[in-house]
Amino acid sequence: MAYSLPEIVTRFGGELLDDNGVRISGVAPVERAGPREIAFVSQAKYLRDIESSQAGALILPPEGRDGGRRPRIVTANPYLYFARVSSLLNPAPQPAPGIHPAAVVHPQARVAASATIAAGAVIGEGASIGERSIVGPNSVVGEHVTLGDDCLLHANVTIYHHCVLGSRVILHSGCVVGSDGFGLANEQGRWVKIPQVGRAVIGDDVEVGACTTIDRGALDDTVIEEGVKLDNQIQVAHNVRIGAHTAIAACTGIAGSAKIGSYCMIGGAAMIHGHIEIADKVRISTNTLITKSLTRPGTYTSALPFSEHGEWLRNAVHLRNLDKLAGRIKELEKRIAELEGKEQA
Amino acid sequence: MAYSLPEIVTRFGGELLDDNGVRISGVAPVERAGPREIAFVSQAKYLRDIESSQAGALILPPEGRDGGRRPRIVTANPYLYFARVSSLLNPAPQPAPGIHPAAVVHPQARVAASATIAAGAVIGEGASIGERSIVGPNSVVGEHVTLGDDCLLHANVTIYHHCVLGSRVILHSGCVVGSDGFGLANEQGRWVKIPQVGRAVIGDDVEVGACTTIDRGALDDTVIEEGVKLDNQIQVAHNVRIGAHTAIAACTGIAGSAKIGSYCMIGGAAMIHGHIEIADKVRISTNTLITKSLTRPGTYTSALPFSEHGEWLRNAVHLRNLDKLAGRIKELEKRIAELEGKEQA
Amino acid sequence: MAYSLPEIVTRFGGELLDDNGVRISGVAPVERAGPREIAFVSQAKYLRDIESSQAGALILPPEGRDGGRRPRIVTANPYLYFARVSSLLNPAPQPAPGIHPAAVVHPQARVAASATIAAGAVIGEGASIGERSIVGPNSVVGEHVTLGDDCLLHANVTIYHHCVLGSRVILHSGCVVGSDGFGLANEQGRWVKIPQVGRAVIGDDVEVGACTTIDRGALDDTVIEEGVKLDNQIQVAHNVRIGAHTAIAACTGIAGSAKIGSYCMIGGAAMIHGHIEIADKVRISTNTLITKSLTRPGTYTSALPFSEHGEWLRNAVHLRNLDKLAGRIKELEKRIAELEGKEQA
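Residue numbers (our numbering), protein chains in the order written: chain A, 21 to 365; chain B, 21 to 365; chain C, 21 to 365.
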């Protein structure tokens, strides 16, 4: 499939300059794009890269408007524009609807006629799969799970019983939705399991990365609101709530009953304590541990800067002695004040 | 299924007060429980919440004995009591025994007649599945694996060949037991794999969370003793031993040959170095790195407190210069002692 | 299968001393090896352990040459030698070639006659499986994936469409290759997905651990070069390149477009920022966050030393006040210089 530049600006807007009739069939990075591909430059400082590019067309920020004669689309947000063009040129494959003969669908499950159930998928009793949704090979949809329309479960996904997914949800391979939370009571040193009777409820347009795990609630539900994007290898514990349109990078862990606001951005390998609340529009840096509620937007960090190992060794010994160092400073202040007193006297 | 309060105290003990004949059919949080549900309050400080509750009955600590007229069970450990009541009211589903026609069981495997093998499960040659054990959809039990009685493998679990599980073991989706440890010899820069010929051996009443991985031993076995509870996304390397009734929160990593005591509690995203030993009853905080053996019970921590990012930037520069700061303090001490000496002279 | 010591030294070299005709059928640790097993001692300091060993033969470093009368092979790198002997004595099981009747192979896929496709495996349209490669139970090989020869995919592995694997690649259970990278453009607070149109390309002799995830590239490919060894639970983001023969321990995360050199060794739970470059032969310690490019070999660390919790509390308060502490030192230096000035005057 190829598109002319006027066809593209008709769909997505932007100012088209110096069109030469090229038809675009793909996207590529500026340095590798060929004459039938479109590339983008996100910021003015990278505009120098376009000189040597072979791209058939470019998506540029306003600063690139007057640079050169090449066919180009000028827009305030080139990266977003590029996302749209790329989605147009790389539509998700839509497999033929129907249930593969090697899938196992419980007779009491409801599968929309336009949905696709791949080989080896297992759909439990009472589950419901919406229009045009795809359940990938060897994925398992538990009893009484509800999937909305246009969902995409890649291969080897697991959804436990009674969980609820909205529409246009994407789950990547190895991810697990609705596993039991880590709920244990202690009886003289031994652990007694607390049945986890809540659900995991996932809103529209959520994407969940590979091997990310979302536990079901203990009594209430775990809730992932609409538009949330979760990267790979994230752990979401029971009763967590993640607000709409928050994005969380890989390897992050969120402990039980934490409430995270909307429009947050959480860096990789962050850890969020349980039972705390994080305001809307908070940013958390990579590797940061959040131990208390955050009531105001802003960026929060606790990462330790790295050093060459020998230098680190020299500094690390003091990390365990900061209280003594602080005490020595206090002592010095006392002594110097005494000296200054005598001096003045 | 519903139970009267006398039926509940007959099973689990506790002091029943002001019974009004209510029959309880479910558990719920205090603020959401209805007239046929039972709720609990774990600590005296939360007793104020019960005034407005609609719960049909309450499980309370001794301090709640004389609070109001509502039907209530008084017990020393309400959370534990609640765990038992919840298990009674929410029994794990017991699917019909038998091998689903879409499961693949090797003719030389032994499956108890009371066990359940779900659709898509694969049971290898020489494997043995005990009484009433359940192997979930698309789970794979390798050659010569032994599963005890009453085990529950959720969907998409993997157990490698020759591993041994006790009874009442629960494995959540995506977890992997018995994968090869990271054993490599180096030959002029290239890595040569060391065959991992030990097993992973898992005791009775162990629960393993979603996407947790437990490697098999290199020569000896990796051992998870009875009653251990592992949350999601934990990595247990080869030859690790985890003592009985230890609980480990999500995202923790334990390096090769570490020995962890019994009755330990290890916080989320902790990292334990290899070849060290941790005593019984140790507690390790979230995000803490343990680099040396711990010979005594206690709580150990190495988390870095977070700050607002600007403040963090101002402090972080000094983290790499602590040795110089300490040197400046030492120098000041010398100079002030000199001044003080002159003063006295 | 059993081998004489002369047979072993003929294959792998080394100096054989005091052979008594023993035939070796297995490997074991020094303290547990029996009369038909061979054990190894990697370093001179452990040579004292061999006195009480029941091992039928030993693999020793040069310092052990003259210790005792027991049959022994002396070699410069006993651990490497042991790796080779163990591989000889513990050959990987080679299942019968062929496609299990419960596997699902697309008619347009190409599977070598010597390859093995286990029960429940699903091979997509246009995929190609090389000679003697094994696809384990319930693993999924996506459309147009290419697998070289002698690959081993354990159970429940997932490879997304169009990815490319070299020969002798080992993928452990739960690992995911080729999932979408975390590519999102922001439109007034909402996230718009960027199609991930690159591939994951994995070289010869790579091993990938359980539940490790390797995202496909956004436009270009994610590349894992030959001989790389990845432990469990690692996250490799889109467009990362990992150089040949680098080994990475468990729970590490590598952000998008990071380039890691060859022959690096990266400790567990390290985090590597995106868009940085790490030179060849760099070592990174456990739990270390690398935020900038590393242009020279060396060891780099940012781990925070742990303490008993009370001590940690006393020190931690100063971590957030280092800038103030440093300011107080500066102030003291000023005041003492003033005093010293007056003293001299």
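Idealized CB from N, CA, C, for every residue including glycine. These numbers were taken from a predicted model, which means no experiment stands behind them.
Between the CA atoms of residue 268 of chain B and residue 223 of chain C - distance to the nearest angstrom: 36 Å
Residue 335 of chain A and residue 314 of chain B closer than 8 Å at C-beta: no
DSSP three-state assignment for residue 364 of chain B, whether helix, strand or coil: helix
Neighbour flag for residue 318 of chain C against chain A, beta carbons, 8 Å: yes
Cutoff 6 Å; reference residue 150 of chain A; Cβ partners in own chain excluding five residues on either side: 132, 167, 168, 169
Inter-residue Cα distance where the pair is residue 309 of chain C and residue 320 of chain C: 9 Å
Close-in-space but distant-in-sequence residues of the same chain around residue 304 of chain A (CB under 7 Å, 5 per side omitted): 286, 287, 290, 310, 320
Boundaries (first-last residue) of the alpha helix (DSSP H) holding residue 30 of chain C: 25 to 32
Exposure label - residue 252 of chain A; buried when at least 16 CB within 10 Å: buried
Beta strand (DSSP E) runs wholly inside the segment 151 to 210 of chain B, at least 3 long, in chain order: 196 to 199, 204 to 207
C-beta neighbour in chain B for residue 183 of chain C, strict 8 Å: no
From B/204, B/78, B/69, residue whose alpha carbon lies closest to that of residue 55 of chain B: B/78
Same chain, Cβ closer than 6 Å to residue 178 of chain A, neighbours up to 5 away in sequence not counted: 160, 196
Assumed close pair residue 136 of chain C, residue 111 of chain C - CB separation to whole angstroms, cut-off 8 Å: Rounded, the Cβ-Cβ distance is 15 Å, inconsistent with contact.
Cα-Cα separation between residue 58 of chain B and residue 42 of chain B, rounded to whole angstroms: 10 Å
Chain-ordered neighbours of residue 24 of chain C on chain B, where CB pairs are closer than 9 Å: Neighbours of residue 24 of chain C on chain B: none; closest Cβ ~20 Å, over 9 Å.
Bounding residues of the alpha helix (DSSP H) (the contiguous stretch that carries residue 99 of chain C): 98 to 109
Segment limits, alpha helix (DSSP H) that includes residue 330 of chain C: 329 to 339
Residue 347 of chain B versus residue 275 of chain B: straight-line alpha-carbon distance, rounded: 36 Å
Contacting residues, own chain, Cβ-Cβ under 6 Å from residue 294 of chain C (five flanking each side not counted): 275, 276, 277, 278
Contact check, residue 146 of chain C vs residue 123 of chain C, beta carbons under 8 Å: no
Contact check, residue 93 of chain B vs residue 34 of chain B, beta carbons under 8 Å: yes
Per-residue DSSP class, three states only, for residue 345 of chain A: helix
Helix, strand or coil at residue 84 of chain A according to DSSP, with G and I counted as helix: helix
The segment 233 to 250 of chain B in contact with the segment 201 to 213 of chain B per 3-pair CB rule at 8 Å: yes
is_contact[residue 213 of chain A, chain C] using C-beta, thresh 8 Å: no
Short Cβ contact (8 Å threshold) for residue 244 of chain C with residue 226 of chain C: yes
Minimum Cβ-Cβ distance from residue 325 of chain A to chain B less than 8 Å: yes
Residue environment, residue 215 of chain B, which counts as buried when at least 16 other CB atoms sit within 10 Å: buried
Range of the contiguous beta strand (DSSP E) that encloses residue 220 of chain B: 220 to 222
Simplified DSSP state of residue 64 of chain C, which is helix, strand or coil: helix
Three-way DSSP call (helix, strand, coil) for residue 254 of chain B in this model: coil
Which residues DSSP lists as bridging residue 279 of chain A, in chain order: A/261, A/297
Reduced DSSP category for residue 92 of chain B - H, G, I as helix; E, B as strand; rest coil: strand
Limits of the unbroken beta strand (DSSP E) element including residue 233 of chain B: 233 to 235
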